[in-house]
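Colleague: Structure below; questions to follow.
Residue numbers (my numbering), protein chains in the order written: chain A, -15 to 321; chain B, -15 to 321; chain C, -15 to 321; chain D, -15 to 321.
Here you go:
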């Protein structure tokens, strides 16, 4: 940590602040110039609250040098983490594809889609049972009935199921019934939910918030991991920017960034990012090329009749074509699907 | 609602879509030009999911004309809502000031600050007991003990207390013990929490999310109101932009915008927006001038020793000066403090 | 300047970089910890290109401590600059109001508006002759004929004229004919134009770019000042964010920020920021309350017939009312209009 | 164009506005519901200024249905444009790679790099002679001397040269000496410069502005094309967002979006977008996978000694490796390099 003091801060004040900081267990190295006074803090600064230091009137600014995440940090865990879900892995050489409809609608629908996506190479089934919707008047999902339908689809296809949780009240039910618990973008900083999930042993798919920085995403992963659950998969799904042509702006640079900063696997959601079905193909290809460990793609047997997000869902046939192309790109970057 | 079809869509397809939409209870008026085909939808379109329509391959775009919020909408409730909290009102001619420390720390601290802010004109006491922090390793608040200290401060000063909730598990405790329940920016779209709060009768202070549009803020208020609880106060606290000099960018245009769209009271948090104590004064003045119904300001008796956010807290003396100036500006815009 | 090196950088590499940096005229103070190696650079770092240092593979990051602007910096010029334009000042106790139509349209129009705004208290007349439009097919302004009409309006009212330049080719004509040359948001980093304007003696009204940081705005002012022309007025006119209800998001925090960083006067354009005429009043009030040195407001005698930007122009009668209210707020913050 | 009127607008006002709009050459189709009044405008609406309509007090909003660009619009030019520069094409099956240093520094440097990038497959040489820098005190490029060095490099390698223009004063010199004139991000809406370039016959490489929407980029291309010069190549180089880990956020969704909206070729600049040399490789791969027509990459023989932007430049050896990988990905998406 680097503390910049105001020019002309007196030696007395520098010493006072130095003693105060050293009493908190760090070593302080002062660099004193005519127009610049810096305190270089060495040691365990992770428990030092920067805003505590910034409240000192002689402090101009506090600059972070090291990342605040420990368990998610590649520095302390150099090899890639590989998460195992009932024998299916995410994070190794193989690129994992999670596919399925936005919402679980009917038994027939979810089974049809599940069989199709399995046939074309998906290794996980997604499907929303609890749906976060901007409007209280929109369809909110089939809820517990949806979970039951997902279980039937799992039974028939063997695909592990991935679905979103919205309330800590449901953790027990999810823990018993689903394979991967998704935390949606809007709940990425629902710290209470993250803490509760940290107490489970389930794999958590943590989506990046609409306006979350890469570091904040990793800090939210850290909340889960600090609780003891290190089975975290990250997901880039577009950030909010001024551009309105696409629903969100898919930040593919986040993939190499996360790979450098963390050992956790990271996948990409091209469906939600763009909000346009015809963009899923090029964005999925780009995601594999850029180094993502997997994809989560919305597939619906009849997008026009989808109960929600039909405009971003692709049909099974297109999914099949995309998978074929992805295999070649995966190979070109030393991976396989 | 306006549906734009692709140029050259056949009459057959137009008729098919028209029948489909009319079966959902709206009247469809087509406008057909050579390069432009529009369907004007009249009637109750609030239950019509735009993404359902957009999934139709002949649909170019769906445009909203009316707002999606009903209970929060000024159109159906032209007069300003005035929320009453134990005899203190927010939303009328009087500008309400909520003040207090970021975190409740000790009995002495909270009582000292409470007495000071009351003396200088605050009508509510704020203080964080449960703290949403980016890092799991930062101080997370005194929790239930903090609530107890707030109650003591209320007892001694008579000021109603405002504090943030982070989990639906705590609703019962908050309902019994606090006067205004704050929903923080990070939980603005924690729809599950909003729904639960909609079942209570408590006043809810709903903060705008870091990347939430004004419409989304109003939709989140609608979640609470749809549940039956119409005691909602909105709060602008800065949005996330590219500018890094301030922590967030205070969007004061949101105040007249919200006043036009909704009847709910809206207040401003100048402390969190800028993240710099010396900006609280000019921003508070601007907030009153722009038409805000209140302010929420961080005041600490010893900001340098604050356990969090000390850099944005002001001392009671400065608070006193600011209140004096605000009184004159309030008068200039036909209000009082 | 602070240079963070990668952990485990060898002493040899540290020494090599130190020698390299010292050869460029700065003093290097190393702070060496087990997980953190910092070089504190003291001396004149303004000519040191940070990207030159960052290209070194052992460098993790370069952090700026001091601002890069010199002539615009309050540190080296503590008192507020007051710019004099033909006896009208911007930057002192008096808040200056620049008003007039978006575009100069006809002699009658510009004279009518000029007389009206003068009557109600404006001290400068604005009017676009050269118009930057997103589309090449939109009205581009009356150009040189517009300048002539502005001159007639100045003759009849005595108001100095403020108008936008779009090309370095026109500097001579502007220099001879207008009183304040405006650089629009889209040209804020048209460095070539800024350099040419730096060679003149005219007052320059420099608008903040749509996505320019406060520091970048000040650096653009520095371009003009470095050329020898220190008559620069800054203008906050809204930045581009994700919010779409307003055309741009007026960043009023930029006013106290600029006041702290620089001695240059800064004014606010509430008309362009919001893009809605009914927001001009509350935003103008907020701008005065927050500490702006002036306002630039679009006034049109017949907004419905305005050739451009009619939706954000106010009528002279409303302008008159706003001016009356602003006088009270100005007084409340120790200023006058 | 769709005009939404305020609810309860009188028939008289509707008729008045209708007549007014029809007098401007469009046909107006009204859709009148109890809570919604829409005017559907059919015909040539391109010359109708939306803000003119919005200035009418009965108008709630004006919505665009068709794009404002004509010459850049794929609707009127369905096949991809292929731009020919001295026999090298951009826009067809072949993916073109432009490579070279950020700045031209010395004859030896530019010739060394030019030979290297040619050897490894680049078909154009880039190199900055006029440099847009945030600070007036940073190195501003070798200017005309730099152009001369680029010409020597072209002579020795046969590579056409691509370099940035900053002033309309230089158009003649650029027209005579360079092969592709680059318009930088900061000048994307320097409309005056665009108009002047529209009068030439040169190929223009138009970079997207930091906060420009895709539509605005296409409108700026339209400025050049409206002048008669249809040789425009677009370039995505990252947009400004809240994320600070990367310098800008590369918006790869813009590639399929532009491909849908326009027939112009579009390339990607992975070097400037991220600002980190180690991200060039994954982002270049993603750009090819997503469908870009080319890449512009910074290559320097000695990045540590580069006079600017060394931290984002790659060495010729890495460039060679990247080109090898890109060939496989290009093939996977039906292209070649």
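We treat Cβ as the ideally placed atom computed from N, Cα and C, and that holds for glycine. Keep in mind that this is a model prediction, so the values were computed, not measured.
Quick check on DSSP: helix, strand or coil for residue 78(B)?
Modeller: Start at 1 with the first residue of the second chain, and residue 78(B) comes out as number 94. Of the three classes helix, strand and coil, the one that applies to residue 78(B) here is strand, per DSSP.
Colleague: Mind checking the segment 240 to 270 of chain D against chain A and listing, in chain order, the residues whose C-beta falls within less than 8 Å of any C-beta there?
Modeller: Residues passing the 8 Å Cβ filter: 240, 241, 244, 257, 258, 262, 263, 266, 267, 269 and 270.
Colleague: Please tell me whether residue 205(D) and residue 218(D) are closer than 8 Å, where the distance is taken between their beta carbons.
Modeller: Working through the fourth chain from its first residue, we reach residue 205(D) at position 221. Working through the fourth chain from its first residue, we reach residue 218(D) at position 234. Taking 8 Å as the Cβ cut-off, residue 205(D) and residue 218(D) qualify as a contacting pair.
Colleague: In chain B, which residues lie with their C-beta within 7 Å of the C-beta of residue 322(A)?
Modeller: A question about residue 322(A) goes unanswered here, because the residues of chain A that appear run from -15 up to 321.
Colleague: Pull up the distance between the alpha-carbon of residue 107(A) and that of residue 143(A), whole angstroms please.
Modeller: The residue given as residue 107(A) occupies position 123 in the first chain. The residue given as residue 143(A) occupies position 159 in the first chain. Going from the Cα of residue 107(A) to the Cα of residue 143(A) covers about 6 Å.
Colleague: How about residue 110(C) and residue 280(C): do their beta carbons lie closer than 8 Å?
Modeller: Within the third chain, residue 110(C) is the residue found at index 126, counting from 1. Within the third chain, residue 280(C) is the residue found at index 296, counting from 1. The answer is yes: Cβ separation under 8 Å.
Colleague: May I have the straight-line CA-CA distance separating residue 160(D) from residue 198(D), to the nearest angstrom?
Modeller: Numbered from its first residue, the fourth chain carries residue 160(D) at position 176. Numbered from its first residue, the fourth chain carries residue 198(D) at position 214. When rounded, the distance between both Cα atoms is 31 Å.
Colleague: Quick one: is residue 27(C) near chain A, going by C-beta distance under 8 Å?
Modeller: As a first step, residue 27(C) must be located in the third chain, where it is residue number 43. True, the Cβ-Cβ gap to chain A drops below 8 Å.
Colleague: So, helix, strand or coil for residue 311(C), using DSSP?
Modeller: Translated into the one-based positions of the third chain, residue 311(C) becomes position 327. In the structure shown, residue 311(C) sits in a helix (DSSP, three-state: H, G or I).
Colleague: Quick one: what's got a C-beta closer than 6 Å to residue 181(C)'s C-beta in the same chain, skipping five residues either side?
Modeller: As a working mapping, residue 181(C) is identified with position 197 in the third chain. Cβ within range, chain order: 188 and 208.
Colleague: How about residue 10(A) and residue -11(A): are their beta carbons less than 8 Å apart?
Modeller: In the first chain, residue 10(A) corresponds to position 26, counting from 1. In the first chain, residue -11(A) corresponds to position 5, counting from 1. Taking 8 Å as the Cβ cut-off, residue 10(A) and residue -11(A) do not qualify as a contacting pair.
Colleague: Of the choices 21(B), 249(B), 271(B) and 290(B), whose alpha-carbon is the least far from that of residue 309(B)?
Modeller: By one-based count along the second chain, residue 309(B) stands at place 325. Ranking 21(B), 249(B), 271(B) and 290(B) by Cα distance to residue 309(B) puts 271(B) first.
Colleague: Strictly below 8 Å CB to CB, what residues from chain D border residue 317(A)?
Modeller: The residue you call residue 317(A) lines up with position 333 of the first chain. Near residue 317(A) (Cβ distances below 8 Å), the residues of chain D are 269, 309 and 313.
Colleague: Within 8 Å (strictly less), CB to CB, does residue 303(B) reach chain C?
Modeller: Taking the second chain and counting its residues from 1, the one referred to as residue 303(B) is at position 319. Taking Cβ atoms only, chain C never reaches closer than 8 Å to residue 303(B), which makes this a no.
Colleague: Is the shortest distance between the beta-carbon of residue -13(C) and the beta-carbons of chain A less than 8 Å?
Modeller: For the purposes of this step, residue -13(C) is taken as the residue at position 3 of the third chain. No - not a single Cβ of chain A is within 8 Å of the one on residue -13(C).
Colleague: Kindly list, in the order they appear in chain B, the residues whose Cβ is closer than 8 Å to that of residue 223(C).
Modeller: The residue given as residue 223(C) occupies position 239 in the third chain. Those within 8 Å of residue 223(C) in chain B are 225, 226, 227 and 233.
Colleague: Could you check the C-alpha separation between residue 14(B) and residue 23(D) for me, to the nearest Å?
Modeller: Numbered from its first residue, the second chain carries residue 14(B) at position 30. Numbered from its first residue, the fourth chain carries residue 23(D) at position 39. Answer to the nearest angstrom: the Cα atoms are 11 Å apart.
Colleague: Where do the N-terminal and C-terminal ends of the alpha helix (DSSP H) with residue 200(D) fall, by residue?
Modeller: As a first step, residue 200(D) is located in the fourth chain; it is residue number 216 there, counting from the start. Its alpha helix (DSSP H) spans residues 198 to 210.
Colleague: Should residue 228(C) be labelled buried (16 or more other beta-carbon atoms within 10 Å of its own) or exposed?
Modeller: The count along the third chain starts at 1 and reaches residue 228(C) at position 244. When all chains shown are included, residue 228(C) counts as exposed.
Colleague: Measure the beta-carbon distance from residue 137(B) to residue 82(B) and round it to whole angstroms, keeping in mind my assumption that it falls under 8 Å.
Modeller: By one-based count along the second chain, residue 137(B) stands at place 153. By one-based count along the second chain, residue 82(B) stands at place 98. So it is not a contact: roughly 13 Å between Cβ atoms.
Colleague: Determine the closest residue to residue -9(A) out of 278(A), 6(A), 0(A) and 16(A), with distance taken between C-alpha atoms.
Modeller: Along the first chain, read from residue 1 onward, the residue named residue -9(A) stands at position 7. Nearest option by C-alpha distance: 16(A).
Colleague: Out of curiosity, what's the CA-to-CA distance linking residue 246(C) and residue -3(C)?
Modeller: Position 262 of the third chain, counted from the first residue, corresponds to residue 246(C). Position 13 of the third chain, counted from the first residue, corresponds to residue -3(C). So the alpha carbons of these two residues sit roughly 39 Å apart.
Colleague: Identify which residue in 54(A), 124(A) and 59(A) has its Cα closest to the Cα of residue 212(A).
Modeller: Taking the first chain and counting its residues from 1, one reaches residue 212(A) at position 228. The residue with the shortest Cα to Cα distance from residue 212(A) is 54(A).
Colleague: Take residue 243(B) as the anchor and find which of 6(B), 59(B) and 52(B) has the nearest alpha-carbon.
Modeller: Taking the first residue of the second chain as 1, we reach residue 243(B) at position 259. For the residues 6(B), 59(B) and 52(B), the minimum Cα distance to residue 243(B) belongs to 59(B).
Colleague: Got a sec: is the Cβ-Cβ distance from residue 324(C) to anything in chain A below 8 Å?
Modeller: No information on residue 324(C) is available, as it lies outside the stretch -15 to 321 that chain C covers here.
Colleague: Quick one, which residues of the segment 34 to 58 of chain C are near chain A if we go by CB-CB under 9 Å, in chain order?
Modeller: For the segment 34 to 58 of chain C, which is checked against every Cβ of chain A, the residues closer than 9 Å are 44, 45, 47, 49 and 50.
Colleague: DSSP state of residue 113(C), grouped into three classes?
Modeller: For the purposes of this step, residue 113(C) is identified with residue 129 of the third chain, where counting begins at 1. DSSP places residue 113(C) in coil when its eight states are reduced to three.
Colleague: With DSSP as the reference, please indicate the residues paired to residue 166(A) in a beta bridge.
Modeller: Here the question's residue 166(A) lines up with position 182 in the first chain. DSSP lists 148(A) and 189(A) as partners of residue 166(A).
Colleague: Could you say which of 93(A), 91(A), 115(A) and 84(A) lies nearest to residue 102(A) if we only look at CA atoms?
Modeller: The residue labelled residue 102(A) in the question sits at position 118 within the first chain. Of the candidates 93(A), 91(A), 115(A) and 84(A), the one whose C-alpha sits nearest the C-alpha of residue 102(A) is 84(A).
Colleague: List, in order along the chain, the chain A residues whose C-beta lies closer than 7 Å to that of residue 185(C)?
Modeller: Within the third chain, the letter at position 201 stands for residue 185(C). Correct list: empty, because the minimum Cβ distance to chain A is about 31 Å.
Colleague: Is there at least one Cβ from chain A nearer than 8 Å to residue -7(C)'s Cβ?
Modeller: Residue numbering aside, residue -7(C) sits at position 9 when the third chain is read from its first letter. Chain A, which has no Cβ nearer than 8 Å to the Cβ of residue -7(C), makes this no.
Colleague: Would DSSP call residue 108(B) helix, strand or coil?
Modeller: The count along the second chain starts at 1 and reaches residue 108(B) at position 124. Here residue 108(B) sits in strand by DSSP.
Colleague: Considering residue 3(D), what are the terminal residues of the alpha helix (DSSP H) in which it resides?
Modeller: Here residue 3(D) corresponds to residue number 19 of the fourth chain, with the count starting at 1. -5 to 6 is the span of the alpha helix (DSSP H), which, as asked, contains residue 3(D).
Colleague: Would you give the residue range spanned by the beta strand (DSSP E) that residue 13(B) belongs to?
Modeller: Mapped onto the second chain, residue 13(B) falls at position 29. Per DSSP, residue 13(B) belongs to the beta strand (DSSP E) from 11 to 16.
Colleague: Residues of the segment 79 to 100 of chain A with a CB closer than 9 Å to any CB of chain D: list them in chain order, please.
Modeller: Residues: none.
Colleague: Let me check one thing: in DSSP terms, what residues is residue 298(A) bridge-paired to?
Modeller: Indexing the first chain from 1 puts residue 298(A) at position 314. BP columns for residue 298(A) point to 283(A).
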